[in-house]
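Participant: Numbered per this note's numbering, the sequence shown finishes at 467, counting up by one with no gaps. Every residue gets a Cβ at the ideal spot worked out from N, C-alpha and C, and that includes glycine.
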Amino acid sequence: MAGKNLLEKVWEKHKVKTLPSGQDQLFIGLHLIHEVTSPQAFGMLRQKGLSVKYPSRTYATADHIVPTDSTTRPYHDPLAEEMLKALETNTKEYGITYFGPESGKQGVVHVVGPEKGLTQPGMTIACGDSHTATHGAFGAIAFGVGTSQVRDILATQTMAISKPKVRRILVNGTIPEGVGAKDLILAIIGRLGVNGGLGYAYEYAGEAIESMSMEERMTLCNMSIEGGARVGYVNPDEKTYAYLSGRPFVQDFSAMKAFGEAIKSDSDAEYDDEIVFDAASLKPMVTWGINPGQVVAVDETLPTVESLPKDERETAERAYEYMGFQPGEKMAGRKIDVVFIGSCTNGRLSDLREAAEVAKKGSVAADVKALVVPGSQEVAAMAEAEGLDKIFSKAGFEWRNAGCSMCLAMNPDKLKGRQISASTSNRNFIGRQGSPTGRTLLMSPRMAAAAALAGQVVDIRSFGGNS
Ligand code: SF4
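1. How big is the Cα-Cα spacing for I225 and H131?
2. What ranges does the alpha helix (DSSP H) occupy inside the region 315-358, keeping only unbroken runs of at least 4 residues that lie completely in it?
3. Using three-state DSSP, classify I33 as helix, strand or coil.
4. Leaving out five residues on either side along the sequence, give the residues of the same chain with a beta carbon under 6 Å from the beta carbon of L198.
5. Thinking C-alpha only, which one of L7, M159 and P284 is nearest A448?
6. Express the C-alpha separation of A319 and K310 in angstroms, rounding to a whole number.
7. By how many angstroms is the C-alpha of S307 removed from the C-alpha of E115?
8. Would you check whether ligand 1 has a heavy atom nearer than 7 Å to the C-beta of D129?
9. Is it the case that the Cβ atoms of L7 and V16 are separated by a distance below 8 Å?
10. With respect to 7 Å, is the separation between the Cβ of V109 and the closest non-hydrogen atom of ligand 1 below this value?
11. Under 6 Å Cβ to Cβ from P74, same chain only, skipping five residues before and after it: list those, please.
12. Beta carbon of F350: closer than 7 Å to some heavy atom of ligand 1?
13. In the structure shown, what three-state DSSP assignment does M410 receive?
14. Put K360 into one of helix, strand or coil per three-state DSSP.
15. State the beta-bridge partners of E274 as determined by DSSP.
16. For the candidate residues C221, A279, G95 and P248, whose alpha-carbon lies nearest to that of V179?
17. Which of the three DSSP states, helix, strand or coil, is assigned to W288?
18. Measuring straight from C-alpha to C-alpha, what distance separates G387 and A450?
19. Does L154 pass the burial test, meaning 16 or more other C-beta atoms within 10 Å, or should it be called exposed?
20. Unbroken alpha helix (DSSP H) runs of length 4 or more, entirely within the region 9-66: which are they?
21. Going by DSSP, name the residue or residues bridged to Q157.
22. Under 8 Å, do V231 and G136 count as touching if we go by C-beta distance?
Written as structure tokens, this is what we have:
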């Protein structure tokens, strides 16, 4: 009999029963909540007179609406203040651990979970945010869920869900210098399409994945949802255990490691599908359109609409019209107005280190506004201990407080008008960065930092700085 993959093993261990709808009722080991998608869910609990089933498996932080330039309360935006107060009240009333802005432990929920050691191999994890797949980097099965599911999990610690198929994405070879996890996931989405993963979990495997750090694996898994996959994961290995060792919520390291070894995919596991990528052929990637699948290597020309698959042509036409770009042009040389380095995709210490290495090579171009927003207060503290904040400030970047910031601009950090942003976040949808007509180019932290200095999109592999 063939072996099993990680998703099958984790599913078996967490499935409560098959529901009449045909979906499975799945036990959720860790529920992460934040200020935007939880207030209504708590309201529904109150209406029904229910309590939180497992407060000890529920952790909260504030990220989406938190201002990054001032920590003074009450917040200038009354709606933001109201959301934060609701989270404070709800966590207090239901006995939920809360990493708030005054705790020194606050940050983007997908940065906070791993750095505290809450995220562990073999867990089922849910959070009311699309990019929960990030936690799959640790061999967890992690779902982004909606508000009604947040309510269900608060009340029962379970959710109704269909088991996805599993596609193994095998990345062979070595990733070249100047290219990283962000480029890889953008290349994967570019090849398979934004709907290519529908109905699937993505298991990332192969030499290139094994050689990645945990933070790179988080970047990779984070954007699985952008390729349509329900979840993305990497099998746990020694790097996973080393990362988690000594973290505050890892109480029994040996048991955690033993469980990780038990649930990882068997060498003879079967998959519903397999796709192979060659890491050596990867180049720095930049999006040109209005979804993350509209992406090219920095030195490639933009595709003609006719060269694209039929089901992508209409969106491509809309993208060209909205972005004001033309087929046959290159992204290299495209002028930018704003740079955003941060988010749950690329707001971790290694991302900031990579960007700072580039920032050392000069100064932010005169007409560019560049923000560096650490993913969490702990990331900020570590970066400051290394002097990264000073490197950024000296080069003309604004060093901000932790939060989601311009990833989706629910706080005051927003594009204005038709501005073009070079962004390390994960979505380039129309209006995503706060201006209904603003434009977003997704790229890696190195590429974004180089764009800040050059005032335009440049190829990091040949960028020497501007000092
Ligand atoms: S950084 Fe962006 S994608 Fe990540 S949790 Fe915040 S808003 Fe969501």
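Facilitator: Checking against the coordinates, here is how it stands:
1. By 1-based counting over the sequence shown, the position of residue 225 is 225. By 1-based counting over the sequence shown, the position of residue 131 is 131. One C-alpha to the other measures close to 7 Å.
2. 343-346
3. The residue labelled residue 33 in the question sits at position 33 within the sequence shown. Reduced to three states, the DSSP call for I33 is strand.
4. Locating residue 198 in the sequence shown gives position 198, where the first residue counts as 1. Excluding the 5 residues flanking it on each side, L198 has same chain C-beta neighbours closer than 6 Å at G228, in chain order.
5. Working through the sequence shown from its first residue, we reach residue 448 at position 448. Distances from the alpha-carbon of A448 to those of L7, M159 and P284 put P284 closest.
6. Within the sequence shown, numbered from 1, the residue matching residue 310 stands at position 310. Within the sequence shown, numbered from 1, the residue matching residue 319 stands at position 319. Between K310 and A319, the C-alpha separation is close to 15 Å.
7. In the sequence shown, counting from the first residue as 1, residue 115 sits at position 115. In the sequence shown, counting from the first residue as 1, residue 307 sits at position 307. Going from the Cα of E115 to the Cα of S307 covers about 43 Å.
8. On the sequence shown, position 129 is the one that residue 129 refers to. Distance from the C-beta of D129 to the nearest heavy atom of ligand 1 is below 7 Å.
9. Here residue 7 corresponds to residue number 7 of the sequence shown, with the count starting at 1. Here residue 16 corresponds to residue number 16 of the sequence shown, with the count starting at 1. Taking 8 Å as the Cβ cut-off, L7 and V16 do not qualify as a contacting pair.
10. Taking the sequence shown and counting its residues from 1, the one referred to as residue 109 is at position 109. Yes; taking the cut-off as 7 Å, the Cβ of V109 has a heavy atom of ligand 1 nearer than that.
11. Within the sequence shown, residue 74 is the residue found at index 74, counting from 1. The beta carbon of P74 sits closer than 6 Å to those of E81, all from its chain and outside the five residues before and after it, given in chain order.
12. Walking along the sequence shown from the start, residue 350 turns up at place 350. Checking the sequence, you will find Ser at residue 350 rather than Phe. No; taking the cut-off as 7 Å, the Cβ of S350 has no heavy atom of ligand 1 nearer than that.
13. As a first step, residue 410 is located in the sequence shown; it is residue number 410 there, counting from the start. Coil.
14. For this step, residue 360 is matched to residue 360 along the sequence shown. K360 falls in the coil class under three-state DSSP.
15. Here residue 274 corresponds to residue number 274 of the sequence shown, with the count starting at 1. E274 is bridged to R168.
16. Taking the sequence shown and counting its residues from 1, the one referred to as residue 179 is at position 179. Checking every option, the nearest Cα to that of V179 belongs to A279.
17. Locating residue 288 in the sequence shown gives position 288, where the first residue counts as 1. Reduced to three states, the DSSP call for W288 is coil.
18. Working through the sequence shown from its first residue, we reach residue 387 at position 387. Working through the sequence shown from its first residue, we reach residue 450 at position 450. Each residue's Cα considered, the two are about 19 Å apart.
19. The count along the sequence shown starts at 1 and reaches residue 154 at position 154. Buried.
20. 39-48
21. Numbered from 1 along the sequence shown, position 157 holds the residue referred to as residue 157. None, per the DSSP bridge assignment.
22. Taking the first residue of the sequence shown as 1, we reach residue 231 at position 231. Taking the first residue of the sequence shown as 1, we reach residue 136 at position 136. In this structure, the beta-carbon distance from V231 to G136 falls below 8 Å.
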